[in-house]
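Numbering (UniProt numbering), first residue to last: 1 to 405.
Using N, Cα and C, we set each Cβ at its ideal position, and we do this for glycine too.
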Amino acid sequence: MLEVQELSVRYGKHIALESVGLRVKPGEIVVILGANGAGKSTLLKAIAGICEGQTSGSVSIDGEPVLGLPAHKVVDRGIALVPEGRGIFGELTVRENLVLGGNPARARDEVQANLDRLTTLFPKLRERAGQAARTMSGGEQQMVAIGRAMMSNPEILMLDEPSLGLSPLLAKDLFQTLKTVRDAGLGILLVEQNAKLSLSIADRGYLLENGRILREDKAQVLLHDPAVQAAYLGGAAGHATAPKGAAKPAAPAPVAEHTPVPATPQVRARPVRSVSSGEISGLDIDAIVAGAGRKAVRPVSAAPRNTPPTQAERDAATARRSDSLRAALDAIEEAARKARDPGAARSPLPPLRPTARPAAPPPQALAPTAPRAPEAPQAQPGGKVEIYRRRPGTSQFQRSEVRDA
Numbered sequence: 001m002l003e004v005q006e007l008s009v010r011y012g013k014h015i016a017l018e019s020v021g022l023r024v025k026p027g028e029i030v031v032i033l034g035a036n037g038a039g040k041s042t043l044l045k046a047i048a049g050i051c052e053g054q055t056s057g058s059v060s061i062d063g064e065p066v067l068g069l070p071a072h073k074v075v076d077r078g079i080a081l082v083p084e085g086r087g088i089f090g091e092l093t094v095r096e097n098l099v100l101g102g103n104p105a106r107a108r109d110e111v112q113a114n115l116d117r118l119t120t121l122f123p124k125l126r127e128r129a130g131q132a133a134r135t136m137s138g139g140e141q142q143m144v145a146i147g148r149a150m151m152s153n154p155e156i157l158m159l160d161e162p163s164l165g166l167s168p169l170l171a172k173d174l175f176q177t178l179k180t181v182r183d184a185g186l187g188i189l190l191v192e193q194n195a196k197l198s199l200s201i202a203d204r205g206y207l208l209e210n211g212r213i214l215r216e217d218k219a220q221v222l223l224h225d226p227a228v229q230a231a232y233l234g235g236a237a238g239h240a241t242a243p244k245g246a247a248k249p250a251a252p253a254p255v256a257e258h259t260p261v262p263a264t265p266q267v268r269a270r271p272v273r274s275v276s277s278g279e280i281s282g283l284d285i286d287a288i289v290a291g292a293g294r295k296a297v298r299p300v301s302a303a304p305r306n307t308p309p310t311q312a313e314r315d316a317a318t319a320r321r322s323d324s325l326r327a328a329l330d331a332i333e334e335a336a337r338k339a340r341d342p343g344a345a346r347s348p349l350p351p352l353r354p355t356a357r358p359a360a361p362p363p364q365a366l367a368p369t370a371p372r373a374p375e376a377p378q379a380q381p382g383g384k385v386e387i388y389r390r391r392p393g394t395s396q397f398q399r400s401e402v403r404d405a
């Protein structure tokens with residue numbers, strides 16, 4: 001039997017669990033209900049030996065303390081955890097995942113026997129033994145995770161949100177699988193937000209809020225409790241069936257027959273006075289409109305009509321175009337005849353005009369100059385020289401010393 005007493009967990013100054021106590025017997029399902037952040041996952045991690053916070057209290061299985069032991073030692077004592085998100089090896093086959101679960105010392109000599117018992121309990125795992133785990137559905141992957149935990153031959157099986165990410169139909173099938181595991185003699189500690197489904201298969205339940213256990217009772221009592229329904233079942237008190245012997249809720253008080261009904265306020269339309277445009281502008285609009293109608297309209301002269309040309313005009317225009325075309329053709333033929341006749345007279349080119357280039361001036365003799373004395377060097381004022389060196393292992397420079405120039 002798993003027994004937890006006065007278990008507290010702290011993360012620095014934050015208290016995640018405070019004086020939590022519970023027990024789980026073999027062959028029963030115990031569910032932990034609570035909102036997000038209540039400490040449900042922290043409770044399972046503290047029992048499994050993988051909690052990173054500071055723990056205190058007592059956790060024992062069959063009277064042997066396990067709090068503070070490494071995770072593999074806790075598994076050797078008979079406690080197995082199926083974490084949130086399944087945590088299976090997707091690239092390995094179903095059989096390989098199951099065989100990995102049989103590595104603890106308590107189950108190492110019975111791997112094949114546990115594998116045969118597990119595949120008998122879950123025939124689908126035998127059918128999918130050679131299939132890669134990542135290609136299976138969410139419900140089948142959760143079954144692989146449960147089977148891998150059971151391969152360690154545990155006494156207590158802990159599950160953290162097993163229905164997370166599953167459809168309602170797959171979640172229902174999964175919880176039926178947990179009933180089969182319970183019937184095999186294992187104790188199950190279940191953390192689940194689906195309160196209705198988990199309480200329907202559980203034997204007992206605990207309510208965890210802000211790191212404290214508020215209540216412990218039978219699962220059916222919690223399932224039909226109005227307070228639990230309001231907090232975890234969406235207030236579905238009217239849809240639940242009360243257990244035998246439970247008190248019936250009181251009938252609602254009758255409504256008075258002559259209850260006064262408040263009168264409906266009436267809204268009265270307020271008359272609106274119309275104002276003419278003449279009153280606003282101070283002008284007689286009708287007179288203005290009549291005057292505009294009597295205004296003379298300027299007559300519009302008719303556009304001159306284009307009369308078609310006569311036959312004589314058309315013939316004259318055609319003759320003019322023919323004469324122009326004939327003159328152009330004659331000019332082209334004359335130019336072609338001159339180009340073919342090499343002896344035809346051509347216009348002479350103008351004679352070239354020679355241009356005289358001006359004569360260059362004679363070179364002038366340079367006057368002799370006396371040699372120039374070299375300039376005496378001038379003494380420069382003394383200065384400083386800064387020496388920079390590269391820093392080892394970097395591309396940066398730093399000043400190392402200063403010398404006189």
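Buried/exposed call for residue i, threshold 16 Cβ in 10 Å
i	result
Val9	buried
Ala113	exposed
Ala327	exposed
Gln364	exposed
Arg204	buried
Phe397	exposed
Ala287	exposed
Ala292	exposed
Val289	exposed
Leu125	buried
residue 406	Because the chain here runs from 1 to 405, residue 406 falls outside it and cannot be looked at.
Leu329	exposed
Ala360	exposed
Contacts around residue i, its chain only, beta-carbon distance under 6 Å, and the 5 residues preceding and following it disregarded
i	result
Arg215	Leu207
Arg95	Ala129
C-alpha gap between residue i and residue j, whole angstroms
i	j	result
Ala71	Ala48	6 Å
Gln229	Glu161	19 Å
Ile29	Lys13	33 Å
Gly138	Asp116	23 Å
His239	His224	With a pLDDT of only 46 at His239, under the threshold of 50, the placement of this residue in the model should not be trusted, and no figure is reported.
Glu333	Thr318	23 Å
Arg108	Leu166	32 Å
Leu169	Met143	14 Å
Ala105	Ala227	45 Å
Ala129	Pro392	60 Å
Glu64	Ile156	14 Å
Ala149	Val82	6 Å
residue 414	Arg340	Residue 414 cannot be examined here, being either before or after the span of the chain that is shown, 1 to 405.
Asn103	Gly147	13 Å
Ile15	Glu3	21 Å
Lys179	Val99	23 Å
Arg86	Gln141	7 Å
Ser19	Thr93	42 Å
Glu313	Ala336	35 Å
Leu44	Glu127	32 Å
Gln311	Leu325	21 Å
Ile61	Ile213	20 Å
Gly245	Ala202	Summary for Gly245: the model assigns pLDDT 49, below 50, so the residue's position carries little reliability; its value from the coordinates is reported in the next sentence. Taking the straight line from one Cα to the other gives about 20 Å.
Ala331	Lys338	11 Å
Val111	Thr120	14 Å
DSSP-derived helix/strand/coil call for residue i
i	result
Asp404	strand
Asp203	coil
Pro136	The question names Pro, but residue 136 in the sequence shown is Met. In the structure shown, Met136 sits in coil (DSSP, three-state: anything other than H, G, I, E or B).
Gln364	coil
Met158	strand
Gly101	helix
Val255	Reliability fails at Val255, whose pLDDT of 46 lies under 50, so the model's placement of it is uncertain and the value that follows must be treated cautiously. Coil.
Ile332	helix
Glu18	strand
Ile88	coil
Glu3	strand
Pro168	helix
Arg337	helix
Pro70	coil
Gln131	coil
Residues of its chain near residue i, where Cβ-Cβ distance is below 8 Å and the 5 sequence neighbours each way are ignored
i	result
Val385	Val402, Arg403, Asp404 and Ala405
Leu197	Ser163, Ala171, Lys172 and Phe175
Ala46	Leu7, Val9, Leu17, Gly53, Thr55, Val59 and Leu67
Ile188	Val24, Glu28, Ile29, Val30, Ile156, Leu157, Met158, Leu159, Leu178, Val181 and Arg182
Glu209	Gly34, Ala35 and Ala38
Inter-residue CB distance, residue i and residue j (contact presumed, cutoff 8 Å)
i	j	result
Leu79	Pro154	In the sequence on display, residue 79 carries Ile and not Leu. Their Cβ separation, rounded to whole angstroms, is 6 Å, which keeps Ile79 and Pro154 in contact under 8 Å.
Lys40	Val191	4 Å
Ile88	Ala145	5 Å
Gly185	Ser152	The Cβ separation is near 15 Å, so there is no contact.
Tyr388	Arg372	Actually they are not in contact, since the Cβ atoms of Tyr388 and Arg372 sit about 42 Å apart, beyond 8 Å.
Close-in-space but distant-in-sequence residues of the same chain around residue i (CB under 7 Å, 5 per side omitted)
i	result
Pro232	According to the sequence provided, residue 232 is Tyr. The question's Pro does not apply to it. Answer for Tyr232: Leu33 and Ala195, listed in chain order.
Glu91	Ala132 and Arg134
Gln5	Gly21, Gly57 and Ser58
Leu118	Leu98, Leu125, Gly147, Met150 and Met151
Residue i at chain B interface by Cβ criterion, 9 Å
i	result
Arg340	Looking at the structure shown, chain B is missing, and only one protein chain is on hand.
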